[in-house]
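Residue numbers (this note's numbering): 5 to 205.
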């Protein structure tokens, strides 16, 4: 997966979500109008009418930072994907998200998979990374010496998400979560956190 492919996917989904409009014929003239109002009384209802979200996050399963995409299948269940990394590596993630309850503050749980890997030609020994626990806990001495690695991680997480339900900022949200990154090869585990934002269309 490349950055270009991820951006193209996000753009296509954004255009698809925002093109939900109808043509109203009034006095012989065609007028464009919204097919349905995307307002809601609580966060669960908002997830039904605004099913696609894009945003960004710092730390967590994408390493230093990344871009995120979320698709809501129901008011409580959705899937997410992201692409990011840092100077020494790239990362992508896929997760399943379950919203527990709430009105404007939504507690949720998720379970996901993330891969952190070097891209292109290795650039010599790796002495430090951001976050530091990548070199300290997940990379072997050989991987650090060669500057080439591929780390597969599983993670459960618990998060809180604030959603704006009305006004000019309707659909905007911020979230924070705690998670446990587990290396599937040697079961090394590291607790960490994420801070991010999403905009629901």
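Glycine included, each C-beta is placed from N, C-alpha and C at the ideal position. As the structure is a computational prediction, the values presented were derived from the model and not from experiment.
- For residue 147, the enclosing alpha helix (DSSP H) starts and ends at 145–150.
- Between the beta-carbon of residue 179 and that of residue 164 there is about 7 Å, and that keeps the pair under the 8 Å contact cut.
- CA-to-CA, the gap between residue 122 and residue 106 works out to about 40 Å.
- Here residue 162 is exposed: its Cβ has fewer than 16 other Cβ atoms, across all protein chains shown, within 10 Å.
- Residue 156 is positioned such that its CB atom lies no closer than 8 Å to that of residue 192.
- Secondary structure note for residue 163: its beta strand (DSSP E) is the uninterrupted segment 154–167.
- Cβ-Cβ distances below 7 Å link residue 43 to 170 and 174 in the same chain, with the five nearest sequence neighbours on each side left out; the list follows chain order.
- Note on residue 57: 16 or more other CB atoms within 10 angstroms of its CB, so buried under the neighbour-count rule.
- In the structure shown, residue 53 adopts helical secondary structure according to DSSP, grouped into three states.
- Inclusion of residue 103 and residue 109 in the CB contact set at 8 Å is not warranted, their separation being larger than that value.
- Just measuring C-alpha positions, the residue of 184, 54 and 66 sitting nearest residue 86 is 66.
- In the DSSP assignment, residue 72 falls within the unbroken beta strand (DSSP E) covering 69–76.
- For residue 196, DSSP records a beta bridge to 183.
- With contact defined as three or more Cβ pairs closer than 8 Å, the stretch 73–80 and the stretch 93–103 are in contact.
- Taking C-beta atoms as the reference points, residue 64 and residue 183 count as a pair closer than 8 Å.
- Residue 66 sits in a helix when the DSSP states are folded into three classes.
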